[in-house]
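Enquirer: In the UniProt record's numbering, the protein residues as written are 1 to 406.
Cβ coordinates follow ideal geometry from the N, Cα and C atoms, glycine included.
As the structure is a prediction and not an experimental result, all values here were calculated from the model.
Handing you a structure now.
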Amino acid sequence: MGVMRAVQLFSAAVIGALNYLKDQAGHTCDLVFASAGPTIDFMKMMQKWFTLMDVSNFQQYIHSNNEDARPFTDVEDPRLEWLKTVFLGYIEDLKNESSAGNFFSKETYHALVFATKSNADCIRHLLTVKHFRLVLTRKMSSDPIESLFGFLRRSSGCNDMLDVKSAVCGLEKMLKTGIVAASKESNVQSSTSFASRQLLPSQQSPTTNPGADDKILDVEVTTLKEHCLSEGTCPTNPDVASVAMVGGFIVRAASESLSCQDCIALLQGPKADTPLLGLIAHQNRGGLLYPSQELTKLLVGLRKFVDCVLAHRRRITKPLQVCVKRSVELLAVLPILSCGNADIDHRKQLFELISKNHDTTRRQTTVPPAAVMIVSVASATARRLSKTEGRPAPLGARAIPQASLI
Numbered sequence: 001m002g003v004m005r006a007v008q009l010f011s012a013a014v015i016g017a018l019n020y021l022k023d024q025a026g027h028t029c030d031l032v033f034a035s036a037g038p039t040i041d042f043m044k045m046m047q048k049w050f051t052l053m054d055v056s057n058f059q060q061y062i063h064s065n066n067e068d069a070r071p072f073t074d075v076e077d078p079r080l081e082w083l084k085t086v087f088l089g090y091i092e093d094l095k096n097e098s099s100a101g102n103f104f105s106k107e108t109y110h111a112l113v114f115a116t117k118s119n120a121d122c123i124r125h126l127l128t129v130k131h132f133r134l135v136l137t138r139k140m141s142s143d144p145i146e147s148l149f150g151f152l153r154r155s156s157g158c159n160d161m162l163d164v165k166s167a168v169c170g171l172e173k174m175l176k177t178g179i180v181a182a183s184k185e186s187n188v189q190s191s192t193s194f195a196s197r198q199l200l201p202s203q204q205s206p207t208t209n210p211g212a213d214d215k216i217l218d219v220e221v222t223t224l225k226e227h228c229l230s231e232g233t234c235p236t237n238p239d240v241a242s243v244a245m246v247g248g249f250i251v252r253a254a255s256e257s258l259s260c261q262d263c264i265a266l267l268q269g270p271k272a273d274t275p276l277l278g279l280i281a282h283q284n285r286g287g288l289l290y291p292s293q294e295l296t297k298l299l300v301g302l303r304k305f306v307d308c309v310l311a312h313r314r315r316i317t318k319p320l321q322v323c324v325k326r327s328v329e330l331l332a333v334l335p336i337l338s339c340g341n342a343d344i345d346h347r348k349q350l351f352e353l354i355s356k357n358h359d360t361t362r363r364q365t366t367v368p369p370a371a372v373m374i375v376s377v378a379s380a381t382a383r384r385l386s387k388t389e390g391r392p393a394p395l396g397a398r399a400i401p402q403a404s405l406i
C-alpha cells in the first residue's frame, strides 16, 4: 500500500519540470515534449486529488500556500463539487477515450471512484448531520486493513505483489510475534522503525598522494576562476534551469542567515518567467525566491568544479569539505557578488553559505529532487544519443517516449 512514489510522481516539482520541457520543446529540448500537454493535465488532476484526500492539520494550507489543503468547514465548499463532478467527469471521459490497455485497471478505477464519492459524501454528512466544525481527510484514507496489507508486503522482504505462500508466512509471523508495523512508504503512521544498517567489513582508506591531489585541485580552481571572471552569460538549457532552482533555495537560506541586506539583494533576482527561471515559475505559488544572474552563473561554475573534484574522490580525502574550503578561499578575493564591504571575513561568510548549501544538496539528496531528476535524465539521454548517432542533440531529447504520453 505504498503511496509515497505516487505522491512524488504527481508533485508540483515534476509537473513544473514537464511544463518547462514542454515550453522549451524544439529549442533546448526535444520536440517530443510539445505533446506532453494531456500528460500534464492528468498529473495536475491527480495532484489536486491527492491534496484533497490528504488534509491533515489546520496550518498545512498556510505553510504550503495551497488553498486545496485547507480543512473542510463548509458543506458548500467548491472542492466537494470538484470531486464529484469535475474529477469524476474527467476520469469518465478518460475511460471512454482510452483503450483498455491505456487506462486504469478495473480494480483501480472502481476504488478511485468509490473513494472519491464516499469521502465527499462522508464530509458532507459530518458537517451537516454530525455538526462537525471541520473535517480532515487524511485519516479517511488510512485504516487497519491498509496497515495489515503493508505489513504483509514488508514481511516478505520486498514491496512486490504477494503470492499465497508469502501472505501466509506473513500472517504466521504476525501471530507469533504480535508485531504489526506499517511500511514507511505508506500513508499510515507507524511508531516502530525497521531501519537497520548492514554490517560491512571495514575498509582501509586508499593511500593518497598530497602533491597529486593539490595539483588536481589547483587546475580545477583555476578553471573556476576563469569561469567566474568570464564575460559570458549562462546558457539556457534544462541543466542550468535546475541549477537556478537550487539557487532560489540558497537565496532563501541567505535571507534567513545573513544580516547584510546588500548581500541578499545581490543574490536575489526579480520574479520572471524566463526560460532560465522556468522551473521555478511553473511551481511557484507565491513563496519561492528567484536567484540573480550572477548567482546562477556562480552556481554553474561551482557545479562543474565539484563534479571534476568528485571524479577524483578516491584520491582526495573528504572531497566535499575540500571543495568548500578551496572555493571559499578563491571566491572571497574575486570581484564578484561584492556588496561594498571588503572585509575578508564578511565575504567568506557569504561564499561559505553558498558553497555549503550547494554541496549539501548533493550530499544529502540520494535521489535528486523530482524536477531536477527529470531534466537531468532528459539531458543525459540527449548526450548519450548524440554520442551514439554521431551528431549533436538538443538537451532533453527523448527523455519521455511519445507512446508514454497520455
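Restricting to Cα atoms, I'd like to know which of T296, L331, A69, Y290 is closest to T233.
Expert: Selection T296, L331, A69, Y290 evaluated against T233 yields T296 as nearest (Cα-Cα).
Enquirer: If we ignore side chains and look at the alpha-carbon of each, how far apart do Q8 and E294 end up?
Expert: Each residue's Cα considered, the two are about 31 Å apart.
Enquirer: Can you give me the Cβ contacts of S264 inside the same chain, cut-off strictly under 7 Å, excluding the 5 residues immediately before and after it?
Expert: Going by the sequence as given, residue 264 is Ile instead of Ser. Once the five neighbours on either side are set aside, the close Cβ partners of I264 are A254, S255, L258.
Enquirer: Identify every run of the alpha helix (DSSP H) within the region 54-118, keeping only runs that are complete inside it and at least 4 residues long; order them along the chain.
Expert: 60-63, 78-81, 88-97
Enquirer: In this structure, does DSSP put C323 in helix, strand or coil?
Expert: helix
Enquirer: Please name the residue or residues paired with Q268 in a DSSP beta bridge.
Expert: P291
Enquirer: Quick one, which of V328, T137, N19, L288 has its alpha-carbon nearest A115's?
Expert: T137
Enquirer: If we ignore side chains and look at the alpha-carbon of each, how far apart do A332 and A244 end up?
Expert: 21 Å
Enquirer: What is the DSSP secondary structure of C158, reduced to helix, strand or coil?
Expert: coil
Enquirer: Is it the case that the region 314-328 contacts the region 264-278, given that we only count it when at least three CB pairs across the two stretches are under 8 Å?
Expert: no
Enquirer: Name the residue from S155, T177, E226 whose alpha carbon lies nearest to the alpha carbon of A167.
Expert: Nearest to A167 by alpha-carbon distance, out of S155, T177, E226, is S155.
Enquirer: Are the CB atoms of T51 and A69 within a distance shorter than 7 Å?
Expert: yes
Enquirer: Whose C-alpha, out of E172, R133, S118, is nearest the C-alpha of L148?
Expert: E172
Enquirer: In the structure shown, what three-state DSSP assignment does C260 receive?
Expert: coil
Enquirer: Does V135 come out as helix, strand or coil in the three-state DSSP assignment?
Expert: When secondary structure is reduced to three states using DSSP, V135 falls in the strand class.
Enquirer: Among D163, F151, N284, A13, which one has its Cα closest to the Cα of T177?
Expert: Nearest to T177 by C-alpha distance, out of D163, F151, N284, A13, is F151.
Enquirer: Sort out for me which residues DSSP pairs A6 with in a bridge.
Expert: A6 pairs with nothing; no bridge assigned.
Enquirer: Give me, in chain order, the residues of the same chain whose beta-carbon lies closer than 8 Å to that of V113; leave out the 5 immediate sequence neighbours on both sides.
Expert: Result list for V113: L88, I91, in chain order.
Enquirer: Go through its chain and collect everything with a Cβ distance to Q349's Cβ below 8 Å, but skip five positions before and after it.
Expert: L258
Enquirer: Let me know the secondary structure DSSP gives A12 once reduced to three states.
Expert: helix
Enquirer: Measuring straight from C-alpha to C-alpha, what distance separates P270 and D218?
Expert: 35 Å
Enquirer: Rounded to whole angstroms, what is the Cα-Cα separation between S98 and V32?
Expert: 20 Å
Enquirer: Evaluate P291 with the Cβ neighbour count: other Cβ atoms within 10 Å of its Cβ, from every protein chain shown; 16 or more gives buried, anything less gives exposed.
Expert: That one is buried.
Enquirer: Candidates N119, D262, Q261, N284: which alpha carbon is nearest A272's?
Expert: N284
Enquirer: Three-state secondary structure (DSSP) at C29?
Expert: strand
Enquirer: Taking its Cβ as the centre, do 16 or more other Cβ atoms sit within 10 Å of P38, making it buried, or is it exposed?
Expert: exposed
Enquirer: Can you tell me whether D30 is buried or exposed, with buried defined as 16 or more other CB within 10 angstroms of its CB?
Expert: buried
Enquirer: Within the continuous alpha helix (DSSP H) that includes P275, where are the two ends?
Expert: That residue, P275, is in no alpha helix (DSSP H); it is neither H nor E in DSSP.
Enquirer: What three-state label does DSSP hand N357 in the structure shown?
Expert: helix
Enquirer: Per DSSP, what kind of secondary structure is H227 in: helix, strand or coil?
Expert: helix
Enquirer: How many Å lie between S338 and T223 at the Cα?
Expert: 21 Å
Enquirer: Let me know if H358 comes out buried or exposed under the rule of 16 or more other beta-carbons within 10 Å of its beta-carbon.
Expert: buried
Enquirer: Taking the alpha helix (DSSP H) that M174 falls in, what are its first and last residues?
Expert: 164-177 is the span of the alpha helix (DSSP H), which, as asked, contains M174.
Enquirer: Rounded to whole angstroms, what is the Cα-Cα separation between T381 and G26?
Expert: Reliability fails at T381, whose pLDDT of 48 lies under 50, so the model's placement of it is uncertain and no value is given.
Enquirer: Among V300, D213, G287, which one has its Cα closest to the Cα of residue 409?
Expert: Residue 409 falls outside the range modelled here, since the chain spans only 1 to 406, and no answer is possible.
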